[in-house]
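The listed protein sequences correspond, in order, to chains V and W. Take -1 as the starting number for the first sequence in this note's numbering and just add one per residue. Take 5 as the starting number for the second sequence in this note's numbering and just add one per residue. Glycine included, C-beta positions come from ideal geometry on N, C-alpha and C.
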Amino acid sequence: MIDRLWNKRGVAVTTALVAAIGCGGGEGGGSDASGGGESTAATSPVDPATVGHASGMVTFTGMAPTMAEIDMSTEATCAAKHSMAPTEETVVVGDGGGLANVFVYVKEGIESLDFPTPSGAVVIDQDGCTYRPHVIGVQAGQEFTLRNSDGLLHNINASPTENRGFNVSQPVIMETNRSFPTAEVMVPVRCDVHGWMSLYIGVVDHPYFAVTGPDGSVSVQGLPPGDYVVEAWHEVYGTITQSITIATGQTAELSFEFNSDMAAAHVPLGEPTDLMHPEGHRTADPQ
Amino acid sequence: MRIPLPLLCAWRGPAACVAVALSMVVLTPVSAEAQVDGEAVYNEWCAGCHGEDGTGNGVAAHTMLPRPRDFTLALYQVRTTTTGALPTDADMLKVIDEGMPGTAMPGWEDVLTQEERLALVDHLKTFSRFFQGDAPEQLEFSSATRGTDEAIASGQEVYQTVECWRCHGQQGRGDGESAPTLNDDTGFPIYAADLTENWTFNGGGSVEEIYRVLRTGLDGTPMPTFADIVDAGVITDEQLWGLAHYVRSLSPEETPEVREVVSARRITGATVPETVSDEAWQDVEPIYVPLVGQIVVKPRWFNPRVGGVWVQALHDGQELALLVSWTDPSLSPDPEWADFAQQIIESMGPGDEGAATAPGEPDQLVVQLPTTLSDGMERPYFLQGDARRPTNTWTWQSDVSDAVESIARGMGTAVPQPDGEQHVTAEARHSDGEWKVLFRRSLDTGGAEDLVLPVGQTVPVAFQAWDGDNGESGNQGAVSTWYFLFLEQPTPISVYVAPPIALVLTLLFGLLVIRQAQSATSGAGAEAARRLPRFRLTKSVERAFGTGVGVAWLGMAYGAYRNASLGWDAGHSDLGFWWTVIAGLLAIAGFSALIGTWIHTRPSEGRR
Chain V
-1 MIDRLWNKRG VAVTTALVAA IGCGGGEGGG SDASGGGEST AATSPVDPAT VGHASGMVTF
59 TGMAPTMAEI DMSTEATCAA KHSMAPTEET VVVGDGGGLA NVFVYVKEGI ESLDFPTPSG
119 AVVIDQDGCT YRPHVIGVQA GQEFTLRNSD GLLHNINASP TENRGFNVSQ PVIMETNRSF
179 PTAEVMVPVR CDVHGWMSLY IGVVDHPYFA VTGPDGSVSV QGLPPGDYVV EAWHEVYGTI
239 TQSITIATGQ TAELSFEFNS DMAAAHVPLG EPTDLMHPEG HRTADPQ
Chain W
5 MRIPLPLLCA WRGPAACVAV ALSMVVLTPV SAEAQVDGEA VYNEWCAGCH GEDGTGNGVA
65 AHTMLPRPRD FTLALYQVRT TTTGALPTDA DMLKVIDEGM PGTAMPGWED VLTQEERLAL
125 VDHLKTFSRF FQGDAPEQLE FSSATRGTDE AIASGQEVYQ TVECWRCHGQ QGRGDGESAP
185 TLNDDTGFPI YAADLTENWT FNGGGSVEEI YRVLRTGLDG TPMPTFADIV DAGVITDEQL
245 WGLAHYVRSL SPEETPEVRE VVSARRITGA TVPETVSDEA WQDVEPIYVP LVGQIVVKPR
305 WFNPRVGGVW VQALHDGQEL ALLVSWTDPS LSPDPEWADF AQQIIESMGP GDEGAATAPG
365 EPDQLVVQLP TTLSDGMERP YFLQGDARRP TNTWTWQSDV SDAVESIARG MGTAVPQPDG
425 EQHVTAEARH SDGEWKVLFR RSLDTGGAED LVLPVGQTVP VAFQAWDGDN GESGNQGAVS
485 TWYFLFLEQP TPISVYVAPP IALVLTLLFG LLVIRQAQSA TSGAGAEAAR RLPRFRLTKS
545 VERAFGTGVG VAWLGMAYGA YRNASLGWDA GHSDLGFWWT VIAGLLAIAG FSALIGTWIH
605 TRPSEGRR
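Encoded structure:
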């Protein structure tokens, strides 16, 4: 009976997900294209002398949907911050066919390593009634700052599945710090005051993730040699995975091609990324 | 069936009585020790809505908005813990005990035993792994500040500073500019709370409970916590208490009691008010009439937006004026609310419980009367009558400028009266999330199927309301049961004439008594008394006179007391009060006269 109750959602235990203080030394860790925090180099479990890299493109083929204009007429302060009429950011395709706002991260192959929690705070700004950035990655346990630069009421309503959510109000220019202890791709965040505002936070328990810009380029640096599965996540077109092999000093090629036929794809939210604790492993009995 | 023990003793004799009593003594401790099975209790009482798997998908769930809680998400609105934290056991028990006002969730305190409810709490916690961790930390709340005018005024400022009005609207009726876009965490449309009806607040309507919600937010809904801005120094904790006091002040001091009678006071020297904004309405007490979804006649409606209407009435002997006010965030059809209406319609799903319409419907209000008055208590069927007993309905719609008078023989069968037989006018105003609709009709229209509204008698009346932007139309709206409308009698002239006469008589008798008393004494008083006419009377006549005056005054006191109670009962507290004062004075005078007479005519006292 209890098992039946629990099988509804494939989720993993919360324990042991907060990145512990690693051992070993030397340079290491990956870069975060979203401009996120830096790993504390001294405690990374990765030997920088052995690492390789992965980089490439996330592209879009087919007809990209036209992004609807956002009507900010009731919010003059925000409207004034936009030189061009603001549009939705769900599908942003660059001139070269690159797809922006794709969260790319190492999904499998890195489970055995414990990475230190970065100390630098990632900033998510609410500016012009828009989240900047629209998609961001953080490490589990890493603090991120939610800033209100608009000076009018925003509420920040995060609805994760693997983590506990929060819903805080920011009626003035101010900052609030939060973190998610558990890896989860992706955590949706919304502002209920401004229905058009949406944000996705990808939470992983290692530093190997990136978010694409309009050029679609993506780069994950400093991976230990080995085989990995890398996933690209987009809020409309779902996910694509790719297997890569990292060799010391080499750069493996990443290539993700989304297309308009994928518009009906299932978009995973709140999926566990901790594969050490697959579905069903969880003990249901609270006793 | 269990027979009460005393009854059994009388019925089967002492032997059976002792046997049963013994078995109770022996058996009771055993059953108390037995573990209550929380899962069994849950499956019996909760699974119908929340589903056996706890996901909130029980068989009845599709008719409900908000949907039953999905326990696997472990998202709980009512907590004494910070946003995102789990509720404490006591928090969960509170909701089980008290229910969630304004939703389909009832309270279970009187249905289930304490053990069963506690077992339920434990069972609910098995639906989410989050409860396997440490117990949540209960927040320490400061003590309530006093709800002074200053506190409320400061709270009103905070309401502006922290921009509560964005969702709740300037007057708190859930009509803020963001209100039509609100969704809960499971993607269903959700209303911003109507802050003028604190008895519908999730988590309770007291100042303390409002403060708690401001501190914790209502997780799973758009309502955020305001604790962070206190921590950041944007406002002080005292100001947050002020905000709680202000929000509380938007609702009536007492939750409105359901009263059966709407009294229409008779106004004299003027005609009934012709506008909703007439100042005369400020002196008329509004009566709250609760409404519920129409769930009898198909298609049914389980998601009514209008939870009740406030009714005020006046008449002038010729015409009745009926003012009906209720919260409705939008003037339907409002394009801003079209998406919301569409979402509601989709959420309610197809089938006879589903909304039958597309967005774009108007708001409506129906006042319903019988077409004839029966001698007994018999009234037409409350849903617009039936073939045998039709009803006379006054229908107002937000997209039509006047009311339409119809004859209905069942829900949705209203047939408008011919043009010449339309006798009801309506004037409506929508502002700050509130409708006010004023109906007027002659007491006697001369119409064949119109009830002559009798003065001094009760007339059955019922109300029905639709919010178009909530996907409501046709049979799918909110309805009340029958109430009574009472057209008060004109105030009898004696009410105005009797008090002065009573006062004059009292004065006269008083002077006479004083005169008699003083004529019988020497001293300072006698001097003054000499200016009054003198009567030479024997002691027995004096005694009879004094006693007579005393008894007369007590009689008048009793009459005044009767008038006072009539006044109070009819809702005229001013008349009641003044008659009470007069009754008191007369009673004092009466007793004084009796006592004085007795003192001065005592046989033992040698009168000189």
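- Residue burial annotation: Glu283/W is exposed, with fewer than 16 other C-beta atoms found within 10 angstroms of its C-beta.
- Taking 8 Å as the cut-off between beta carbons, the residues of the stretch 174 to 186 of chain W near chain V are Glu181, Ser182, Thr185, Leu186, in sequence order.
- Within chain W, not a single residue places a beta-carbon under 7 Å from that of Gly200/V; the smallest gap is close to 19 Å.
- Short of 6 Å from the beta carbon of Gln368/W, and not among the five residues preceding or following it, lie these beta carbons of its own chain, in chain order: Gln401, Trp470.
- Excluding the 5 residues flanking it on each side, Asp125/V has same chain C-beta neighbours closer than 6 Å at Ser147, in chain order.
- Assignment of Val202/V by DSSP, reduced to helix, strand and coil, places it in the strand class.
- Taking 7 Å as the threshold, the shortest C-beta distance from Pro339/W to chain V does not fall below it.
- Setting aside the 5 residues that flank it on each side, Leu558/W is surrounded in the same chain by Gly594, each with a C-beta closer than 6 Å to its C-beta; the list follows chain order.
- The beta carbon of Asn165/V sits closer than 7 Å to some beta carbon of chain W.
- For the pair Ile100/W and Leu124/W, the CB atoms are nearer than the 7 Å cut-off.
- Arg519/W has its alpha-carbon roughly 16 Å from the corresponding atom of Ile599/W.
- Close partners of Pro169/V in chain W (Cβ separation under 8 Å): Thr165, Val166, Glu167, Ile233, Val238.
- Taking a Cβ-Cβ cut-off of 9 Å, Gly207/W has no neighbours in chain V, whose nearest Cβ is about 15 Å from it.
- For Asp123/V, no CB of chain W lies under 7 Å from its own CB, so it is not counted at the interface with that chain.
- Scanning chain V for C-beta atoms nearer than 8 Å to the C-beta of Thr399/W yields nothing, as the closest lies near 34 Å away.
- Looking only at Tyr292/W, Arg150/W, Gly478/W, the smallest Cα-Cα distance to Thr485/W is reached by Tyr292/W.
- By a beta-carbon distance limit of 8 Å, Thr249/V contacts His51/V. Their separation comes to about 4 Å.
- If you check each beta-carbon in the stretch 63 to 89 of chain V against every beta-carbon of chain W, the ones closer than 7 Å belong to Thr72.
- In this structure, Glu255/V is the residue among Glu255/V, Gly268/V, Ala263/V with its C-alpha nearest to the C-alpha of Leu97/V.
- Ala432/W is bridged by DSSP to Val441/W.
- Ile348/W is bridged by DSSP to nothing; it lacks a bridge partner.
- Annotation: the stretch 154 to 213 of chain W contains the following complete segments of the alpha helix (DSSP H) (minimum length 4 residues), in chain order: 169 to 172.
- For Ala78/W, there is no enclosing alpha helix (DSSP H), as DSSP gives it neither H nor E.
- Using beta-carbon distances, Pro464/W does not count as an interface residue toward chain V, since no partner is under 7 Å.
- Within chain W, no C-beta atom comes less than 7 Å from the C-beta of Gly126/V; the nearest is roughly 17 Å away.
- Chain order gives the chain V residues near Gly88/W as Arg162, Gly163, Phe164, where near means a beta carbon separation below 7 Å.
- For Leu252/V, no chain W residue has a Cβ inside 9 Å of its Cβ, as the nearest lies near 33 Å away.
- Residues of the same chain with a CB within less than 6 Å of the CB of Glu173/V, apart from the 5 flanking positions on each side, are Thr143, Arg145 in chain order.
- In this structure, the CA atom of Val102/V is about 59 Å from the CA atom of Phe467/W.
- A distance below 7 Å between beta-carbons, with the five flanking residues on each side excluded, links Ile171/V to the following residues of its chain, in chain order: Asn146, Ser147, Gly149.
- Per the coordinates, the alpha-carbon of Leu326/W lies some 19 Å from the alpha-carbon of Glu425/W.
- Looking at the backbone, the Cα of Val201/V and that of Val185/V are separated by about 8 Å.
- Every beta strand (DSSP E) stretch that sits fully inside the stretch 260 to 320 of chain W and reaches 3 residues is listed by chain position as 265 to 270, 291 to 294, 312 to 319.
- In chain order, Pro140 place their CB closer than 6 Å to the CB of Ala89/W, counting only its own chain and leaving out the 5 sequence neighbours on each side.
- For the pair Thr229/W and Thr87/W, the CB atoms are nearer than the 7 Å cut-off.
- Distances from the CA of Thr331/W to each of Pro294/W, Ala418/W, Asp320/W were compared; the closest alpha carbon is that of Pro294/W.
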